[in-house]
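Novice: Those sequence lines, one after another, are chains A and B. Be aware that the first sequence starts at 0, since it is given in numbering that gives the first Met the number 0, and climbs by one per residue. Be aware that the second sequence starts at 0, since it is given in numbering that gives the first Met the number 0, and climbs by one per residue. Backbone N, C-alpha and C define an ideal beta-carbon position, used for all residues, glycine too. Got a structure for you, questions after.
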Amino acid sequence: MPSFDVHDSIAAIASPPGPAVRGVIRMSGPEIRSALQSCFCGALPAETAKRPSVVSGWIDVGAPIGRVAGDLFYWPGTASYTRQRSAEFHCSGSLPILSEVMRVLGQYGIRQAEPGEFTMRAFLAGRIDLTRAEAVLGVIDSQSEREMEVALRQLAGGLSGPVSELQDDLLEVLAQIEAGLDFVEDDIEFISQDAILQALEKSQNTIQAILQQIDQRQVSQQVPKVVLWGRPNAGKSCLQNAMAGNSNAIVSDVAGTTRDYLIAATTLHGMDLHLIDTAGTMQRIGQHMSPIQMLAEDQTDSVTAAADLAVFCADGSRNLDAWEQQQIENMTESELPALLVQTKSDLPDRWQHPSAIRVSSETNDGLADLAKAIVDQLREARSTASNEMVASTAHRCFESLEKAGQELQLAVQYCQSSQGDEIVASVLRLVLDHLSAVTGKVFTDDILDRVFSRFCIGK
Amino acid sequence: MSAENTYHFDVIVVGAGHAGTEAACAAARLGAKTVLLTTNLDTVGQMSCNPAIGGVAKGHLVREIDALGGLMGQAIDATGIQFRMLNLRKGPAMHSPRAQADKKAYQNWIKLAVEDQENLSLRQEIVDSILTESLGDKQRVIGVSVLGNAKYLASKVVLTTGTFLQAIMHTGEAKTAGGRAGEGTTKGISGSLNRMGFRLDRFKTGTPPRLNGRTIDYDKAEIQPGDDNPRPFSFQTENFQVDQIPCWITWTNPQVHDLILANLERAPIYSGEIQSNGPRYCPSIEDKVVRFADKSRHQLFLEPEGRATQEVYVNGISTSLPRDVQDQMFRLIPGLEKAQIMRYGYAVEYDFCPPDQLRNTLETKNIQGLYFAGQINGTTGYEEAGGQGLLAGANAALALDGNQSLVLDRNEAYLGVLVDDLVTCSVDEPYRMFTSRAEYRLLLRQDNADRRLTPQAFELGLVGLDRFQKLEKKTAEIERAHKILSTNFLGDKGSLEKYLRRPEVTWTDIVQHHAELTQFTPDVAEQLAFDVKYAGYVSRQQDVIDRQKRLAKKQIPDDFDYDGLTHLRNEAREKFNRFRPVSLEQASRISGITPADVALIMLHLDGKAQVSG
């Protein structure tokens, strides 16, 4: 449910994520001054000032991060974009830090802005005309869908799978509870109290695991990850060494993972990135699953799950086998941007593909082209996803999951203390409402569909 | 047409079923000169399907109808033969009254109430067309013409034609035109609706066979008695006493299922003869056997149709299988081996008007003054029909003076949920109320319907001063008792109120700790106890409700031009044009609509306000 109440005070993260970039939190609304007076340590500009001003200070977000230092730009009133009191807090661009600042602002009554809400206010204030405001709002939906994908990948990679599974599980319990409430005259035991509790506890564990995973990933997620995959003998390791250069490549086994990944840190065209060789993975995958699928499904593996780009390597001196052909066909539909590389170009070609980049680790032919293609792809992926919004979306996503987790905890408590199924159901609906920011809205018909397809309701 | 064959009224109601009778009485109570037209005076208020009122969610609707001054609650209290409060093992919001009716007594009671109603004329007429006139580029209704060279003129017409539009009944391979066994169909009105540009669609529903109770062996069935302390539906019923008759339960078995499967192709639904959608929550026995093949038995309720008849309604075995299969089926069911069928089961297909063509007052969008209520809107159930009838009749009468309407919010009443669902969702199967449709279920208890709705009903004139004063007295008592709870403490357990919130603590426990509370009547005590139990959860929903109220204030004008919004997504444009939401709040609840779509409309609404202001 959108709430475009202009009298509310709102805030949003308005900067791309990444350690090199400054983070910006934008605020607007009547309450922001009192909120900043409470949480910002620094000399807040006088309300009477005619012009925007900037001061340095910090916001204490509590342990473990503590003080977040930054510059506060403050517009007293009519001079701002929204013609309301407005401010921008410029600080570190790390998402966990920005999220914490947002959380603190929330404690002082400043809520997360809806997509397009600043634009709406600017329009209402006469700052921009209808055409421009419309244009901004008109693309929000297509953008936010893409952004949610990117945000999910950035947050924990392959997260959309587990989250929609979670939604599905919760809908299933809810449908059964609802059936028990509405169809008391049918001689069906829909679901026992124990089964409800078990299902809720399972979902609670899932959501906790997702949240934890997000937490852990925040630190390591800033550098783009490029995954090399293909048959064991396709030349991935040689390519990795050739690309990362032999001098300062850090090639190491990553401890604590279930697979033998080799990660090389390198810099291509000024961009820091990790090249990940999935060596050793293939033997275990067999013919059934592509590594992309596997990466998407294996959300517990924080190393590869959030890949930004996949590079599929196939030996140019051998004929493509069925599996390789399948992978190449699937590449266009892959959620993850992907490049096709034909290795061993120093040997005679046995196959051709229009979009293949031909490289040889022996002669270094084509390596420059590949490096450029990788960097271009990464840049494009980040810009088409409209990075400015992604941080904000990622934050909203995290916040939704967190709130869903809190409500779910309550549902478990109510269930344990036998508060009544109708009460548990009402809390579960709140959980699903929160999740809907990530997974899409649930309608009563979705619940009833489940009931009617499963149970013979008939009086 | 000569002048003496023209009759003038304020409101005309066509059809005297559960929707029509409530509509006519509500309009008349509001002072409108009203006429109720029926093709047959002997079927006024008839229970065409099961002889029962209420049930989970439906019982809530009846209590709300009663709180708004409707007939249904008092009718069933006067003529019920078995009363049960369902779901008592669940929390108070789930409690729901249900009663078996003496079918004939019920319909006679309703007919008499209609006849006794001031400002209301009841007439036997067959309506053959709806009369309209142009009003600029719009149309408005001016009355109806009836067979026999006569017409009725009024600026408001409420159509409650039930399943009688282009109705066809099926029993096996046999087909008969008609909306109810032994009765005809209404052709003229469907034609009128087509001419006026309404979209029509088709539903089907079914009804089970009725048996002669003398031929049932009840020893083989399980008894289902009424409650020991039966409770009335109406807030007006006092000193409720009833001599109850039990219902009985028996079951189908694999032999019955085999018989049905062997004859499946003779059922019109499976032979392809019927193609329209039926309700999934009340499937025919042939559907149950096919879709839930793993179930070895299905429950059947034997419900007596009255005190002065042997007819028994077999709930749970609705069917359109041929007569000979219906006969054979009962031979195989314990207790019914020798039962004689008095009426065969049948399926009926009928036209309805998809309700997205309505406003939330139940007035049609394209014909001013024309209202629809009941099954014509794609709903099913006496209670759903009665509730819509009451709202449509009241709104028709209120619109005569033009400045008021009766529109209930989703957080005020199941009736609000019902109408809002109808006008904002696509209805793909006959619509029936479930408590799960009400997101604010905890607020909408059957026991507090009077507190939720009677003040508004009094303000509009639907109920008299006596009822309002009675309610005020009760409310004052509840508040007085509440004060005692909140200002008295129980050692380390906090206030009495806090203590009562615990799931295991009852009002009786509280009274033991504080004798002063014995002065309150059971009614007041129950209300307060329920309020207190839910208070914490309800307040958590209040934020959402408040937010919705703010958005609901942002009204969208009728003529809002969605095609002019170039940046609107196509899907959103189609949905908005189809449903034409009245407010941003309603718009935001249409499936497939995103916050950004709503924001785009808001942009234009506020843009216009700025330009004009």
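Between the Cα of Gln-547 of chain A and the Cα atoms of A:Ile-327, A:Pro-336, A:Ala-372, which residue gives the shortest distance?
Specialist: No answer is possible for residue 547 of chain A: the residues shown for chain A start at 0 and end at 458.
Novice: Look at Gly-90 of chain B and Glu-184 of chain A and say whether their C-beta atoms are less than 8 Å apart.
Specialist: Not in contact: Gly-90 of chain B and Glu-184 of chain A (Cβ atoms no closer than 8 Å).
Novice: Given that Met-93 of chain B touches chain A, what residues does it touch there, using C-beta distances under 7 Å?
Specialist: The answer, in chain order, is Leu-180, Glu-421.
Novice: Would Asp-446 of chain B be called buried (16 or more neighbouring beta carbons within 10 Å of its own) or exposed?
Specialist: Burial call: buried.
Novice: Is it true that the stretch 246-253 of chain B meets the stretch 293-311 of chain B, where meeting means three or more beta-carbon pairs spaced less than 8 Å apart?
Specialist: Enough Cβ pairs lie closer than 8 Å, so yes.
Novice: Which residue spans inside the stretch 300-372 of chain B form an unbroken alpha helix (DSSP H) run of at least 4?
Specialist: As far as the stretch 300-372 of chain B is concerned, its whole alpha helix (DSSP H) runs of at least 4 residues are 322-330.
Novice: I'd like to know if Gly-115 of chain A contacts chain B, where contact means its C-beta is closer than 8 Å to some C-beta of that chain.
Specialist: So, interface residue.
Novice: Quick one: residues in its chain with C-beta nearer than 8 Å to the C-beta of Gly-172 of chain A, no 5 flanking neighbours on either side, listed in chain order?
Specialist: The sequence as given places Val at residue 172 of chain A; Gly does not occur at that position. The residues are Ile-190, Ile-195, Ala-198, Leu-199, Ser-202, Leu-427.
Novice: Decide if Glu-471 of chain B is buried, meaning its Cβ has at least 16 other Cβ atoms within 10 Å, or exposed.
Specialist: Flag for Glu-471 of chain B reads exposed.
Novice: Distance check for Val-12 of chain B and Phe-182 of chain A, CA to CA, integer angstroms please.
Specialist: Their Cα atoms are separated by approximately 34 Å.
Novice: Am I right that Thr-33 of chain B and Ile-366 of chain B are in contact with their C-beta atoms under 8 Å? What's the rounded C-beta distance?
Specialist: Going by Cβ atoms, the distance from Thr-33 of chain B to Ile-366 of chain B rounds to 19 Å, so no, they are not a contact pair.
Novice: Use the C-beta contact count for Asp-76 of chain B: other C-beta atoms within 10 angstroms, 16 or more gives buried, fewer gives exposed.
Specialist: So Asp-76 of chain B counts as buried.
Novice: Between which two residues does the alpha helix (DSSP H) holding Phe-575 of chain B run?
Specialist: Unbroken alpha helix (DSSP H) run through Phe-575 of chain B: 569-578.
Novice: Give the secondary structure of Val-462 of chain B by DSSP, where H, G and I count as helix, E and B as strand, and everything else as coil.
Specialist: Val-462 of chain B: coil per DSSP, three-state reduction.
Novice: Would you mind sorting Gly-205 of chain B into buried or exposed? The rule is 16 or more other CB atoms within 10 Å of its CB.
Specialist: Classification of Gly-205 of chain B: buried, given that the 10 Å Cβ count is 16 or more.
Novice: Nearest to Arg-451 of chain B by alpha carbon, out of B:Phe-467, B:Glu-438, B:Gly-463, B:Arg-436?
Specialist: Among B:Phe-467, B:Glu-438, B:Gly-463, B:Arg-436, the Cα nearest to that of Arg-451 of chain B belongs to B:Phe-467.
Novice: Can you tell me whether DSSP reads Val-288 of chain B as helix, strand or coil?
Specialist: Val-288 of chain B falls in the helix class under three-state DSSP.
Novice: At which residue ranges does the stretch 179-256 of chain B contain complete beta strand (DSSP E) runs of 3 or more residues, listed in the order of the chain?
Specialist: DSSP runs (the beta strand (DSSP E)) wholly in the stretch 179-256 of chain B: 200-206, 209-211, 221-223, 246-250.
Novice: How would you call Ala-176 of chain B, buried or exposed, if buried means at least 16 neighbouring beta carbons within 10 angstroms?
Specialist: Burial call: exposed.
Novice: Which residues, taken in chain order from the stretch 269-299 of chain B, show a beta carbon closer than 8 Å to some beta carbon of chain A?
Specialist: Under the 8 Å Cβ criterion, the stretch 269-299 of chain B contributes Arg-279, Tyr-280, Cys-281, Pro-282, Lys-287, Arg-290, Phe-291, Lys-294, His-297, Gln-298.
Novice: Hey, is Cys-396 of chain A's beta-carbon within less than 8 Å of any beta-carbon in chain B?
Specialist: So no, Cys-396 of chain A is outside the interface.
Novice: How many angstroms separate the CA atom of Gln-298 of chain A from the CA atom of Gln-455 of chain B?
Specialist: Model confidence at Gln-298 of chain A stands at a pLDDT of 33, short of 50, so the residue's coordinates are unreliable; what they give is reported in the following sentence. Approximately 55 Å, taken between the alpha carbons.
Novice: The stretch 41-70 of chain B: which residues have C-beta closer than 8 Å to a C-beta of chain A, in chain order?
Specialist: Listed by position along the chain: Gly-54, Val-55, Ala-56.
Novice: With 8 Å as the C-beta to C-beta threshold (strictly closer), list the residues of the stretch 425-441 of chain B near chain A in chain order.
Specialist: The stretch 425-441 of chain B vs chain A, Cβ under 8 Å: Phe-433, Thr-434, Ser-435, Arg-436, Glu-438, Arg-440, Leu-441.
Novice: Closer than 9 Å, Cβ to any Cβ of chain B: which residues of the stretch 421-452 of chain A, in chain order?
Specialist: Residues passing the 9 Å Cβ filter: Glu-421, Ile-422, Ala-424, Ser-425, Val-426, Arg-428, Leu-429, Asp-432, Lys-440, Phe-442, Thr-443, Asp-444, Ile-446, Leu-447, Asp-448, Val-450, Phe-451, Ser-452.
Novice: When the Cα of Leu-434 of chain A is compared with those of A:Glu-398, A:Gly-76, A:Val-450, A:Ser-416, which residue comes out closest?
Specialist: Leu-434 of chain A has its Cα closest to that of A:Glu-398, out of A:Glu-398, A:Gly-76, A:Val-450, A:Ser-416.
Novice: Short of 6 Å in beta carbon distance, which residues of its chain neighbour Leu-464 of chain B, apart from the five on each side in sequence? Order them along the chain.
Specialist: Excluding residues within five positions, none has a Cβ falling inside 6 Å.
Novice: Is there at least one Cβ from chain B nearer than 8 Å to Phe-132 of chain A's Cβ?
Specialist: Just to set this straight, residue 132 of chain A is Ala in the shown sequence, not Phe. With 8 Å as the cut-off, Ala-132 of chain A counts as an interface residue toward chain B.
Novice: Count the other CB atoms within 10 Å of the CB of Asn-86 of chain B; is the residue buried (16 or more) or exposed (fewer)?
Specialist: Burial call: buried.
Novice: Using the three-state DSSP reduction, which class does Ile-96 of chain A fall into: helix, strand or coil?
Specialist: The answer is helix: DSSP assigns Ile-96 of chain A an H, G or I state.
Novice: Can a CB atom of chain A be found closer than 8 Å to the CB of His-566 of chain B?
Specialist: Interface residue, yes.
Novice: Could you say if the stretch 387-401 of chain B and the stretch 19-35 of chain B meet the contact criterion of at least three C-beta pairs nearer than 8 Å?
Specialist: Output reads yes: the stretch 19-35 of chain B touches the stretch 387-401 of chain B.
Novice: Quick check on this structure: which residue in B:Tyr-561, B:Gln-526, B:Leu-331, B:Arg-431 has the alpha carbon closest to the alpha carbon of Asp-216 of chain B?
Specialist: If we check each option's Cα against that of Asp-216 of chain B, B:Leu-331 comes out closest.
Novice: Rounded to the nearest angstrom, what separates Trp-108 of chain B and Thr-236 of chain B at their Cα positions?
Specialist: Computed Cα separation, rounded: 15 Å.
Novice: Does the structure place the stretch 497-510 of chain B close enough to the stretch 526-540 of chain B that three or more beta carbon pairs sit under 8 Å?
Specialist: The stretch 526-540 of chain B, when compared against the stretch 497-510 of chain B, does touch it at the 8 Å Cβ threshold.
Novice: Below 8 Å between beta carbons: does that hold for Thr-170 of chain B and Tyr-343 of chain B?
Specialist: Yes.
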